[in-house]
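Chain order of the listed sequences is G and L.
Residue numbers for the first sequence follow this note's numbering, beginning at 1 and rising by one.
Residue numbers for the second sequence follow this note's numbering, beginning at 1 and rising by one.
Every residue gets a Cβ at the ideal spot worked out from N, C-alpha and C, and that includes glycine.
Here is the structure we will look at.
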Amino acid sequence: MVQQLNQDQTTEPQMTPEQQELANTILKLMQYQGRIYANNRPIRQTLKNLAEYLAGEKYQGIEDPTELSTLVDQALSASPKVFLREEEDGEVVFKTTKKGVAPELETGNKINPHSFRNRLYEGARPVAEPTPDELASRSRAGESHPTNLPKAAEATSAPTATAPTPSVTPPANRTPVVQPATSQPAVAQPPKPATPPVVEPVPAIAEPAPVIQPVQQAPVAQPAPEPTPAPVEVAPVAEAAPVATASRIIELAPGVEADLSLPTNQIMSEFGNHFRTALVKGLQSNNNLVNFGNEWFLEDMTTHYSKGDLRRVREYILEMGGPVTSGDIMNDVFNKRPQEGDYSIGRFSLDYRLSREKKDFEFAGTNDDHIWTTTGVPTIGTTRYKATEIGTDYKFLEDAALVDPSEVRTENGKLVWEHTLTFYEYENGVLPYDTSAKTIFPKPLLEEQKSVILRLEAPQLDVIYNAELRYPSGNRGGWIVGLEGFFSDNLVPGAVLVISQGNKSNHFLIEYKQGEEQEARLLFWDERRQRFVFRPIIFACAINREDALTPDRYSRIEGQHRLDESERKRNETVLATAFEYAGQRQGDSYYALLDDLHPVANIDRPFSHAYLRSLLSSSGAMFRQDESIPDAFYYKPPTSRR
Amino acid sequence: MEENTTLTPTSEQLEKLADWLRRSGRPQALDMLVRRYIEFLKEATTTK
């Protein structure tokens, strides 16, 4: 009888309500797994399987198997009378039995899988003692009988004349304790029986079966089904309130208090940032505690990498010709696989060590994609202008007043950025790190991180592009580079890009809005003739007409030179040129709408609508706003330019 | 996201966290450490 056994054993005092609940959940899961097992047959599960299954079920809102692995290990290790913890080939394994008792404790370190004899007579009830009248009638009939019938057949006794009668409850394992419900969600991870002990769980877990359903099953030892057999030290204390104390309120900041009697998940959800900030400060003060990104460990337990190891890593990155992940390095340089026991320590130690070798290694990854590069690796992207010039061109993005509103929306729970390509972006294969990009792309993981590699998957082409997001620094703005191939092969200026979140923080889908195949004359730069020309081109992407550089709107630009570098850097020159190409002549002035100026201003330099508007409204005598029409402006050229 | 906080872990709590980290035998995410820290705080207020 599971419950009776459990009640006889003490509860571990250190178990928290959350640990008890978790251990209870896992016990039910494993009992269901071993529902057709003998009572004493060990039911085995690896810690990894349990964590992955619970992550799949989003246990307590947690989806990270690593986090759950630690919680599970702690909870089950705190119940040694219910769960036997062992290590097999470097993997942590937990065992229990259908009765909710750890296997080793059942028969004094000797596991006896054979229990039919016990089960045959378990639950047997004694034949009812005859009443005095019955005794008397038997006596009159001449029967000889003992005055007292034997007591109820003991579970371990040999069969006797008073052995099981039809009134004995049949062994519960004849009764399907739970009908396998095929409609139920499948267990996330069928355990892979790596070793052939008696506890192969494949048939049980491999079935699509519910986890919580075992609550309904009857443990074998009981004649009547017990709905919730509680494990030994896992009393259902979830309902029990913690010991009442005078005050469980703590102050986190002036005016901010947390109630520690709330569940930890709730405290984390409401006050997590306060606790994180406080704890990080504390952890940083401990010399033996080190971190890489959000992971922490003890320095004296990290793996040591020699100068020679680091040299091999650098040579590997150069040989690969581009940034690589620390997983690639572990696999290819150090021949370590994720399933090896010390892998997580080795990988953390590698990341930590590389982060301290700033002269030779640069981190360009995210929390879920640790990417490293080194000096000498070819830069990503080919642009008309140097990186420093592009950074300066995008400097205005760091002023919130000069950026356009975000173009990001949410679709099916994922962020989607829809953006119309300008001539500048098309020519250089870049995108601005503006409000929209800052919403959708990952922030730097490390404080001094300069860039991050973005994996942009183009499903329309079945190609993955590695682009680089260069974060703003100093007086330079940020931008994304490396898309010139995607743009030039498939798009034209004015095309509409759609970028949506992928499976990792640096993984995205990049697509373009498709349209009817059409031919149109659009503006190009003729490198040979060093002139702007309108050329017919056939394309199948949808374009925004108001952003397209077509001859009907901008005929005056045909045959013109580009602005030289010094002219390009002067706002007034760029704007004046834009008016001359896009504006209507009115006496000694030009007149144009912002929407007509925007595409042509974005030939030589990037401008947002807000930036243009700000410049045109504040550039003194040359430019002035039409007070009667919003976003309409005049430009009066200086005498020398007329 | 950093928050202004007056909360300061004690050296004893930090040592307990370090012990827990050592016993876990593997690097841990910050949030796991924060959860353990909250558990220590709960235990401390329970046993007062």
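Taking all protein chains shown into account, decide if residue i is buried (16 or more other Cβ within 10 angstroms of its Cβ) or exposed.
{"i": "G:VAL463", "result": "exposed"}
{"i": "G:ILE629", "result": "exposed"}
{"i": "G:SER269", "result": "exposed"}
{"i": "G:GLY255", "result": "exposed"}
{"i": "G:LEU561", "result": "Looking at the sequence provided, one finds His at residue 561 of chain G rather than Leu. Its Cβ having fewer than 16 others within 10 Å, G:HIS561 is exposed."}
{"i": "G:GLN45", "result": "buried"}
{"i": "G:ARG570", "result": "exposed"}
{"i": "G:SER473", "result": "exposed"}
{"i": "G:SER355", "result": "buried"}
{"i": "G:ALA621", "result": "exposed"}
{"i": "G:ALA78", "result": "buried"}
{"i": "G:PRO599", "result": "buried"}
{"i": "G:SER451", "result": "buried"}
Is the CB-CB distance between residue i and residue j below 7 Å?
{"i": "L:ARG23", "j": "G:THR264", "result": "no"}
{"i": "G:ALA253", "j": "G:PHE271", "result": "no"}
{"i": "L:LEU41", "j": "G:LEU461", "result": "no"}
{"i": "G:TYR394", "j": "G:PHE487", "result": "no"}
{"i": "G:SER594", "j": "G:ALA582", "result": "Here residue 594 of chain G is Leu; the residue named in the question, Ser, does not match the sequence. Contact flag unset, no."}
{"i": "G:VAL430", "j": "G:VAL498", "result": "no"}
{"i": "G:LYS414", "j": "G:GLN518", "result": "no"}
{"i": "G:ALA542", "j": "G:GLY515", "result": "yes"}
{"i": "G:PHE363", "j": "G:GLN284", "result": "no"}
{"i": "G:PRO432", "j": "G:TRP372", "result": "no"}
Can you tell me the Cα-Cα spacing of residue i and residue j, whole angstroms?
{"i": "G:SER436", "j": "G:ARG531", "result": "33 Å"}
{"i": "G:GLU375", "j": "G:ASP360", "result": "For the record, residue 375 of chain G in the displayed sequence is Thr; it is not Glu. Rounded to whole angstroms, G:THR375 to G:ASP360 spans 6 Å at the Cα level."}
{"i": "G:ILE510", "j": "G:ASN273", "result": "33 Å"}
{"i": "G:GLN33", "j": "G:PRO17", "result": "24 Å"}
{"i": "G:GLN74", "j": "G:MET301", "result": "20 Å"}
{"i": "G:ALA470", "j": "G:PRO103", "result": "Checking the displayed sequence, the identity of residue 470 of chain G turns out to be Arg instead of Ala. Roughly 57 Å separates the two Cα atoms."}
{"i": "G:GLU357", "j": "L:GLY25", "result": "25 Å"}
{"i": "G:GLU57", "j": "G:GLU63", "result": "8 Å"}
{"i": "L:THR45", "j": "G:GLY282", "result": "20 Å"}
{"i": "G:GLY381", "j": "G:SER69", "result": "41 Å"}
{"i": "G:THR550", "j": "G:ARG521", "result": "6 Å"}
{"i": "L:ALA29", "j": "L:THR10", "result": "20 Å"}
{"i": "G:TYR554", "j": "G:LYS438", "result": "33 Å"}
{"i": "G:ILE212", "j": "G:THR25", "result": "Model confidence at G:ILE212 stands at a pLDDT of 41, short of 50, so the residue's coordinates are unreliable; what they give is reported in the following sentence. Distance between the alpha carbons of G:ILE212 and G:THR25 is about 8 Å."}
{"i": "G:THR66", "j": "G:TYR316", "result": "29 Å"}
{"i": "G:LEU27", "j": "G:GLY100", "result": "7 Å"}
{"i": "G:VAL280", "j": "G:GLY365", "result": "21 Å"}
{"i": "G:THR420", "j": "G:PHE607", "result": "13 Å"}
{"i": "G:GLU340", "j": "G:LEU298", "result": "20 Å"}
{"i": "G:PRO444", "j": "G:GLU88", "result": "39 Å"}
{"i": "G:ASN544", "j": "G:ASN291", "result": "48 Å"}
{"i": "G:LYS307", "j": "G:ARG314", "result": "11 Å"}
{"i": "G:GLY321", "j": "G:PHE348", "result": "24 Å"}
{"i": "G:LEU616", "j": "G:PHE396", "result": "15 Å"}
{"i": "G:LEU483", "j": "L:LEU14", "result": "47 Å"}
{"i": "G:ARG312", "j": "G:ILE267", "result": "45 Å"}
{"i": "G:HIS507", "j": "G:ALA38", "result": "49 Å"}
{"i": "G:PHE579", "j": "G:GLN625", "result": "13 Å"}
Nearer than 6 Å: is that true of the beta carbon of residue i relative to any heavy atom of the ligand ATP?
{"i": "G:PRO442", "result": "No copy of the ligand ATP appears in this structure; indeed no ligand is present at all."}
Could you work out which residues of chain L lie near residue i, taking near to mean beta carbons separated by less than 8 Å?
{"i": "G:ALA51", "result": "The premise fails here: G:ALA51 is roughly 12 Å from chain L at the closest Cβ pair, so nothing lies under 8 Å."}
{"i": "G:GLU251", "result": "THR6 and LEU7"}
{"i": "G:GLY282", "result": "THR8, PRO9, GLN13 and LEU14"}
{"i": "G:GLY272", "result": "ASP31 and VAL34"}
Give the interface partners of residue i over in chain L, defined as CB-CB distance under 7 Å, in chain order.
{"i": "G:TRP372", "result": "Simply none; closest approach about 17 Å."}
{"i": "G:ILE267", "result": "ILE38"}
{"i": "G:LEU289", "result": "ALA18"}
{"i": "G:PHE348", "result": "PRO27"}
{"i": "G:ARG248", "result": "THR45"}
{"i": "G:LEU279", "result": "PRO9, LEU33, VAL34 and TYR37"}
{"i": "G:ARG276", "result": "LEU30 and VAL34"}
{"i": "G:THR70", "result": "SER24, GLN28 and MET32"}
Identify the contact partners of residue i in chain L, using a Cβ-Cβ distance below 9 Å as the criterion.
{"i": "G:ILE345", "result": "GLY25, ARG26 and PRO27"}
{"i": "G:GLU67", "result": "GLN28, ALA29, ASP31, MET32 and ARG35"}
{"i": "G:TRP525", "result": "The premise fails here: G:TRP525 is roughly 44 Å from chain L at the closest Cβ pair, so nothing lies under 9 Å."}
{"i": "G:PRO254", "result": "ASN4 and THR6"}
{"i": "G:THR16", "result": "GLU39, LYS42 and GLU43"}
{"i": "G:ASN286", "result": "SER11, LEU14, GLU15, LEU17 and ALA18"}
- Task: Note down, in chain order, all residues in the segment 11-24 of chain L with a beta-carbon under 7 Å from any beta-carbon belonging to chain G.
- Result: LEU14, ALA18, LEU21, ARG22 and SER24
- Got a sec: which bits of the segment 595-619 of chain G sit with their beta carbon under 9 Å from any beta carbon on chain L, in order along the chain? none
- Positions along the segment 548-575 of chain G whose CB lies within less than 7 Å of some CB in chain L: none
- Task: Using a Cβ-Cβ cut-off of less than 8 Å, list which residues of the segment 298-319 of chain G approach chain L; keep chain order.
- Result: LEU298 and MET301
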